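*Asks:* Residue 449 in the UniProt record's numbering is what sits at position 449 of the sequence shown, and the numbering runs on without skipping anything.
Structure provided below as structure tokens; questions to follow.
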Amino acid sequence: MAATLKDDFAERARLEARLLGRRRGGTPLPLLDRPAGSPWRFAASLGQEGMWASLASTPRQPLIVGGLRVSGPLDTGALREAWRAIAERHETLRSAYRVVDGALTQVVSPCADPLMETADADGARVASVADDELARPFDFDRGPAARLRVLRRAPGEHLVVVCLHHMIGDARALEVVTAELTAHYAATVTGAGPALPRLPVQYADFAQWHRDRVEGEHGARTVAYWVDRLAGAQPAVLPCDRSGAPASSPDIAGRTRSFSLSSDTFAHLREVAARHRTTFYVVGLAAFQILLARRSGERDICVRAPVSYRDRSDVHDLVADFSNDVVVRADLSGRTTLGETVEQVRVSTARDFAHHDVPPHLVAAHMADPGLLERLFHVQFTAEREHDVSAAQRLGPMSAEPFSPTATTVARPLSVRLRHDDASARVIVAYRSGLFSDERITELLREYVDLFEELALHPERPAIP
1 MAATLKDDFA ERARLEARLL GRRRGGTPLP LLDRPAGSPW RFAASLGQEG
51 MWASLASTPR QPLIVGGLRV SGPLDTGALR EAWRAIAERH ETLRSAYRVV
101 DGALTQVVSP CADPLMETAD ADGARVASVA DDELARPFDF DRGPAARLRV
151 LRRAPGEHLV VVCLHHMIGD ARALEVVTAE LTAHYAATVT GAGPALPRLP
201 VQYADFAQWH RDRVEGEHGA RTVAYWVDRL AGAQPAVLPC DRSGAPASSP
251 DIAGRTRSFS LSSDTFAHLR EVAARHRTTF YVVGLAAFQI LLARRSGERD
301 ICVRAPVSYR DRSDVHDLVA DFSNDVVVRA DLSGRTTLGE TVEQVRVSTA
351 RDFAHHDVPP HLVAAHMADP GLLERLFHVQ FTAEREHDVS AAQRLGPMSA
401 EPFSPTATTV ARPLSVRLRH DDASARVIVA YRSGLFSDER ITELLREYVD
451 LFEELALHPE RPAIP
């Protein structure tokens, strides 16, 4: 029912493993006891605790929205059964979240009763689907923090909208739900047996394992690393041209722009990565930090870098949030050349990613200024492989293809994402419209893309002229 999606976060995990020069060992995660009788109560993950604490001050609920554009006869009964099968498979899709004895707790229901709604939708409603979802909070006390909506656009035309709260999902989780919805739907309409094998672990197992790991000596060393690494750091100066609300303002209205690299520019990007034996991620990050330094006049550049805990094969296909954030810091003082800057970013990023185990709120608690870390997160960079959406997949008389709705709000004042496959790449910029005009973003995109050519052809030039 869905086009085959390339494993975006799998690529991120492979990238991080390459940067770190290692993958975590294959020792299986210990499984928690699940006695007969329910519901089961498990400790929330450390990441969930941090997100829970921040929800009251978050102007936009952190939701992940995507789904399928379906053409042809859709059996909504079979879709409901497929959705229920996925919830049976993943404990996060049948969990509530409550504070019990002062601790955030996952309460897992034994019965899957996921939320699914159907409604008619005109063109305006389809265009605003992301904003509509963002405006509808979840009831954590009741759960689950996920829902499926089927929007009928016309006879034989539907949107199947998946919405996950970030408490239980990340970008990879959305891919998993979409792919498994396909498999279970096909099994239901054809009368086949179970579509997928049993999962080896659940998120609660990982959460407890990770808590034990971080709350010991390893976690203390990691916190100490970040306290030292971020000493004296300052938030990046935004290259904005509007005197709108400050970066910390709850005014989060924004836009998203996408720019495809020419074949020549992509060749330059690939050349720089090959020369330094590194990844597109490192080259794209180095170019972004150089751009920020040139625009601001600052030489100490800090950027938020989302990372993933999905570097264990046993959690790769879980519907859960395995994301974490680190700060990548570049020192562009002195007469560092462009080529030397790429090398510096390659080495420092590997070192920073090697210390990505501890959630930000645990690091912030040990910093002289606990609010600094959040301010360092105002500017973000990431890179990943592009989804394969070249063709819709057919299922009998029906076809479906993935879609990603765009919201009119953005989570960060400025975010740059480099998406690529083996033959092309594009840059996606999300920005606060109160801080940046469209013209300024066009300028920044042009300068950013031109840096790939400069890095390739003139590595001996100073990074900061």
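Each residue gets a CB set at the ideal place from its N, CA and C atoms; glycine is no exception.
Only a predicted model underlies this, so the values are computations on that prediction, with no experimental measurement involved.
Considering Cα atoms alone, identify which of 417, 38 and 81 is closest to residue 106.
*Replies:* Looking up residue 106 in the sequence shown gives position 106. Nearest option by C-alpha distance: 38.
*Asks:* Would you decide whether residue 402 is buried or exposed? Buried here means 16 or more other CB atoms lie within 10 Å of its CB.
*Replies:* Position 402 of the sequence shown holds residue 402. Buried: at least 16 other Cβ atoms inside 10 Å.
*Asks:* Exposed or buried, residue 111, counting other C-beta atoms within 10 Å across all chains shown (16 or more means buried)?
*Replies:* Numbered from 1 along the sequence shown, position 111 holds the residue referred to as residue 111. Exposed: under 16 other Cβ atoms inside 10 Å.
*Asks:* Could you pull out every residue in the same chain whose Cβ sits closer than 6 Å to the Cβ of residue 463, ignoring the five residues on either side in sequence?
*Replies:* Along the sequence shown, read from residue 1 onward, the residue named residue 463 stands at position 463. Once the five neighbours on either side are set aside, the close Cβ partners of residue 463 are 290, 332, 336, 338 and 341.
*Asks:* Would you call residue 286 buried or exposed, if buried means 16 or more other Cβ atoms sit within 10 Å of its Cβ?
*Replies:* Taking the sequence shown and counting its residues from 1, one reaches residue 286 at position 286. Residue 286 comes out buried.
*Asks:* In three-state terms, what does DSSP make of residue 431?
*Replies:* Locating residue 431 in the sequence shown gives position 431, where the first residue counts as 1. It is a strand residue.
*Asks:* If you draw a straight line from the C-alpha of residue 346 to the C-alpha of residue 263, how long is it?
*Replies:* The residue you call residue 346 lines up with position 346 of the sequence shown. The residue you call residue 263 lines up with position 263 of the sequence shown. In this model, residue 346 and residue 263 are separated by some 24 Å (Cα to Cα).
*Asks:* Would you call the segment 29 to 36 and the segment 131 to 145 touching, i.e. three or more CB-CB distances under 8 Å?
*Replies:* no
*Asks:* Just the C-alpha distance for residue 276 and residue 241, rounded to the nearest angstrom, thanks.
*Replies:* Taking the first residue of the sequence shown as 1, we reach residue 276 at position 276. Taking the first residue of the sequence shown as 1, we reach residue 241 at position 241. Each residue's Cα considered, the two are about 34 Å apart.
*Asks:* According to DSSP, is residue 181 helix, strand or coil?
*Replies:* Stepping through the sequence shown from its first residue, residue 181 is reached at position 181. In this structure, DSSP gives residue 181 a helical state, which the three-state scheme calls helix.
*Asks:* Give me whichever residues DSSP pairs with residue 41 in a beta bridge.
*Replies:* Residue mapping note: residue 41 aligns to position 41 of the sequence shown, counting from 1. According to DSSP, residue 41 bridges with 107.
*Asks:* Would you please state the rounded distance, in angstroms, between the beta carbons of residue 323 and residue 313? I believe it to be under 8 Å.
*Replies:* Counting from 1 along the sequence shown, the entry for residue 323 is found at position 323. Counting from 1 along the sequence shown, the entry for residue 313 is found at position 313. Not quite, the Cβ-Cβ distance comes to about 18 Å (not below 8 Å), so this is no contact.
*Asks:* Rounded C-beta distance between residue 174 and residue 164? I'm assuming under 8 Å.
*Replies:* Taking the sequence shown and counting its residues from 1, one reaches residue 174 at position 174. Taking the sequence shown and counting its residues from 1, one reaches residue 164 at position 164. About 6 Å separates the two Cβ atoms, so the contact holds.
*Asks:* Consult DSSP for residue 443 and reduce its assignment to one of helix, strand or coil.
*Replies:* Counting from 1 along the sequence shown, the entry for residue 443 is found at position 443. Three-state result, residue 443: helix.
*Asks:* Count the other C-beta atoms from every protein chain shown that fall within 10 angstroms of the C-beta of residue 48, then say buried if there are 16 or more, exposed otherwise.
*Replies:* Locating residue 48 in the sequence shown gives position 48, where the first residue counts as 1. Buried is the call here.
*Asks:* Is the CB of residue 448 under 9 Å away from at least one CB in chain B?
*Replies:* In summary, chain B is missing from the structure at hand, where a single protein chain is found.
*Asks:* How long is the line joining the alpha carbons of residue 283 and residue 445, rounded to whole angstroms?
*Replies:* Translated into positions along the sequence shown, residue 283 becomes position 283. Translated into positions along the sequence shown, residue 445 becomes position 445. Each residue's Cα considered, the two are about 15 Å apart.
*Asks:* Can you list, in chain order, the residues of its chain whose CB lies under 8 Å from that of residue 115, leaving out five sequence neighbours each side?
*Replies:* Taking the first residue of the sequence shown as position 1, residue 115 is located at position 115. Cβ within range, chain order: 144, 146, 147 and 148.
*Asks:* I need the boundaries of the alpha helix (DSSP H) containing residue 284, first residue and last residue.
*Replies:* Indexing the sequence shown from 1 puts residue 284 at position 284. Where residue 284 is concerned, the enclosing alpha helix (DSSP H) stretches over 280 to 296.
*Asks:* What separation, rounded to the nearest whole angstrom, lies between the Cα atoms of residue 70 and residue 259?
*Replies:* Position 70 of the sequence shown, counted from the first residue, corresponds to residue 70. Position 259 of the sequence shown, counted from the first residue, corresponds to residue 259. Distance between the alpha carbons of residue 70 and residue 259 is about 27 Å.
*Asks:* Check whether the segment 216 to 224 and the segment 49 to 59 touch, using three or more Cβ-Cβ pairs below 8 Å as the test.
*Replies:* no
*Asks:* By DSSP's criteria, residue 97 is part of a beta bridge. Which residues make up the other side?
*Replies:* Here residue 97 is taken as the residue at index 97 of the sequence shown, counted from 1. Per DSSP, 106.
*Asks:* Is the distance from the Cβ of residue 50 to the Cβ of residue 459 below 9 Å?
*Replies:* Position 50 of the sequence shown, counted from the first residue, corresponds to residue 50. Position 459 of the sequence shown, counted from the first residue, corresponds to residue 459. Result no, Cβ atoms of residue 50 and residue 459 do not sit closer than 9 Å.
*Asks:* How far does the alpha helix (DSSP H) with residue 301 in it reach, from first residue to last?
*Replies:* Your numbering for residue 301 matches position 301 in the sequence shown. No alpha helix (DSSP H) contains residue 301, which is instead part of the beta strand (DSSP E) from 300 to 308.
*Asks:* State buried or exposed for residue 418, treating a residue as buried only when at least 16 other CB atoms are found within 10 Å of its CB.
*Replies:* Position 418 of the sequence shown holds residue 418. Classification for residue 418: buried.
*Asks:* Using only CA atoms, which one of 294, 451, 379 and 227 lies nearest to residue 366?
*Replies:* Position 366 of the sequence shown holds residue 366. The residue from 294, 451, 379 and 227 with its alpha-carbon nearest to that of residue 366 is 227.
*Asks:* Would you mind stating whether residue 356 and residue 319 have Cβ atoms separated by less than 9 Å?
*Replies:* Along the sequence shown, one-based indexing puts residue 356 at 356. Along the sequence shown, one-based indexing puts residue 319 at 319. No, Cβ-Cβ distance for residue 356 and residue 319 is not below 9 Å.
*Asks:* Any contact of the segment 75 to 82 with the segment 182 to 192, i.e. 3+ C-beta pairs under 8 Å?
*Replies:* In short, these stretches touch, since the Cβ pair count reaches three.
*Asks:* Can you list the beta strand (DSSP E) stretches of 3 or more residues lying completely in the segment 335 to 418, in chain order?
*Replies:* 379 to 385, 393 to 395 and 398 to 403
*Asks:* Roughly how many angstroms separate the alpha carbons of residue 461 and residue 87, rounded to a whole number?
*Replies:* Working through the sequence shown from its first residue, we reach residue 461 at position 461. Working through the sequence shown from its first residue, we reach residue 87 at position 87. Straight-line Cα distance between these residues: approximately 55 Å.
*Asks:* From residue 234 to residue 90, what does the alpha carbon distance come to, in whole angstroms?
*Replies:* Taking the first residue of the sequence shown as 1, we reach residue 234 at position 234. Taking the first residue of the sequence shown as 1, we reach residue 90 at position 90. Near 41 Å, if we compare the C-alpha coordinates of residue 90 and residue 234.
*Asks:* Just how far apart, CA to CA, sit residue 398 and residue 72?
*Replies:* Position 398 of the sequence shown, counting from 1, holds the residue named residue 398. Position 72 of the sequence shown, counting from 1, holds the residue named residue 72. Cα to Cα, residue 398 sits roughly 4 Å from residue 72.
*Asks:* Tell me, to the nearest whole angstrom, how far the beta carbon of residue 328 is from that of residue 305; I am working on the premise that it is less than 8 Å.
*Replies:* Residue numbering aside, residue 328 sits at position 328 when the sequence shown is read from its first letter. Residue numbering aside, residue 305 sits at position 305 when the sequence shown is read from its first letter. Right, the Cβ-Cβ distance comes to about 5 Å (below 8 Å), so this counts as a contact.
*Asks:* Are the beta-carbon atoms of residue 292 and residue 247 separated by less than 9 Å?
*Replies:* By 1-based counting over the sequence shown, the position of residue 292 is 292. By 1-based counting over the sequence shown, the position of residue 247 is 247. No, these two residues do not count as a Cβ contact at 9 Å.
*Asks:* Going straight from the alpha carbon of residue 131 to that of residue 278, what length do you get?
*Replies:* Sequence index remark: in the sequence shown, residue 131 carries index 131 (1-based). Sequence index remark: in the sequence shown, residue 278 carries index 278 (1-based). Spanning the two alpha carbons is a distance of roughly 38 Å.
*Asks:* In whole angstroms, what separates the C-alpha of residue 161 from that of residue 334?
*Replies:* Within the sequence shown, the letter at position 161 stands for residue 161. Within the sequence shown, the letter at position 334 stands for residue 334. So the two alpha carbons sit approximately 51 Å from each other.
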